[in-house]
Amino acid sequence: MSVSAPATSPGALVLFSGGQDSTACLAWALERYERVETVGFDYGQRHAIELEARDAVRARIVAEFPQWADRLGEDHLLDLRGFGAVGGSALTTERAIEMTDRGLPSTFVPGRNLVFLTYAAALADRRGLTALVGGMCETDFSGYPDCRRDTLDAMQTALNLGMERDFVIETPLMWLTKAQTWGLAKTLGGDALVAITVEDTHTCYLGERGELHAWGHGCGHCPACDLRAKGWGEWNAAGQPALDV
Ligand code: ZN
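Numbering (this note's numbering), first residue to last: 33 to 277.
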């Protein structure tokens, strides 16, 4: 990894899992920043399939969006398996996906986004990137406390104090429903980006690709597939509107 990138270029680092949400975030960043890099985290997910989706989505964006291809820079994959071992949840172990007595789904990994953002900020510092872009969302997700904007505001302050930088944590999906996230994809990249999202992104908690449903691949039953399919259904019922942004 080069550390020679200029310190002040208008660049963004996208936390990119290869899912629907982070793909929308990647397109959002490519529209706004001259230089965009991506970072993924291997924290011992049960399914490497999510990490493979990252390569597929990036490759199709380069192939189908020449105006973005020049802006899309390096991809980084950071090994956080040590953290995954501490934070074990249904995503990293064989526990069933269910609600816990804290009122959180068992897919919750304590502090995961805080750790991701700390690693992302350290990487962005070295790469001379100032925006950290993530798909955290309060509206439609599972009540994860580290997805809330208040948490991210505090995190941004802590990172900037602790690293003497001016990072901005951008969360373009924070107030969108899942249906609106489909609309955002259409706004940013038209039907081509919607097709990439359907065919190549991966959201299913169980790591199943299986058949291609109208809304994408997945088991069709887990909470992540439920949310994705429901959002797709609402968006289609409304006539696949683009989102005003
Ligand atoms: Zn699923």
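No residue lacks a Cβ here, since even glycine has one placed at the ideal position from N, Cα and C.
Simplified DSSP state of Val165, which is helix, strand or coil:
DSSP, read as helix, strand or coil, puts Val165 in strand.
Just the Cα atoms here: how many angstroms apart are Gly239 and Asp198?
Here the alpha carbons of Asp198 and Gly239 stand approximately 37 Å from one another.
Are Leu62 and Leu109 touching if we call contact CB-CB under 8 Å?
no
Distance, Cα to Cα, His253 vs Glu106?
So the alpha carbons of these two residues sit roughly 34 Å apart.
Given this structure, state the Cα-to-Cα distance separating His249 from Glu231, to the nearest angstrom.
The alpha-carbon atoms of His249 and Glu231 are separated by roughly 7 Å.
Grouping DSSP H, G and I as helix and E and B as strand, with all else coil, what is Leu110?
Under the three-state reduction of DSSP output, Leu110 falls in the strand class.
Counting only the same chain and skipping the five closest in sequence on each side, list residues whose C-beta sits under 7 Å from that of Trp267.
Ala211, Trp214, Gly215
List the DSSP bridge partners of Ile201.
Leu164
Candidates Leu155, Ala217, Thr150, of which the one nearest Leu191 by Cα:
Thr150
Buried versus exposed call for Thr189 [16 or more other C-beta atoms within 10 Å across all chains shown]:
Residue environment analysis places Thr189 among the exposed positions, since fewer than 16 neighbouring C-beta atoms fall within 10 angstroms of its C-beta.
Contact between the stretch 202-211 and the stretch 219-227 is defined here as three or more beta-carbon pairs at a separation below 8 Å; is this criterion met?
The stretch 202-211, when compared against the stretch 219-227, does not touch it at the 8 Å Cβ threshold.
Can you tell me the Cα-Cα spacing of Glu170 and Arg181, whole angstroms?
7 Å
Opposite Leu45 in the DSSP bridges: which residues?
Residue pairing for Leu45: DSSP places it in a beta bridge opposite Glu69, Leu164.
Under the three-state DSSP convention, the category Leu275 falls into
coil
Residues that DSSP places opposite Leu104 in a beta bridge:
Val68
Among residues of its own chain, excluding the 5 on either side of Leu184, which ones have a beta-carbon nearer than 7 Å to its beta-carbon?
Met168, Ile201, Thr203
Whose CA, out of Glu196, Glu66, Ile93, lies closest to the CA of Gly221?
Ile93
Nearest to Trp60 (by Cα), restricted to the options Phe97, Gly72, Phe73
Phe97
Hey, would you say Thr70 sits closer than 8 Å to Leu58, going by beta carbons?
yes
Assuming Thr46 and Val68 form a contact by the criterion Cβ under 8 Å, report the distance between their Cβ atoms to the nearest whole angstrom.
Looking at the sequence shown, residue 46 is not Thr but Val. Indeed, because the Cβ distance is near 6 Å, the residues count as touching under 8 Å.
Would the beta-carbon of Leu275 fall within 8 Å of that of Thr219?
Between Leu275 and Thr219, the C-beta gap is smaller than 8 Å, which places the two residues in contact.
Any idea if Gln52 is buried or exposed, counting beta-carbon neighbours within 10 angstroms, 16 or more meaning buried?
buried
Would you please state the rounded distance, in angstroms, between the beta carbons of Gly265 and Cys251? I believe it to be under 8 Å.
Beta-carbon to beta-carbon, Gly265 and Cys251 are separated by about 17 Å, too far to satisfy the 8 Å threshold.
Below 8 Å between beta carbons: does that hold for Gly50 and Gly76?
no
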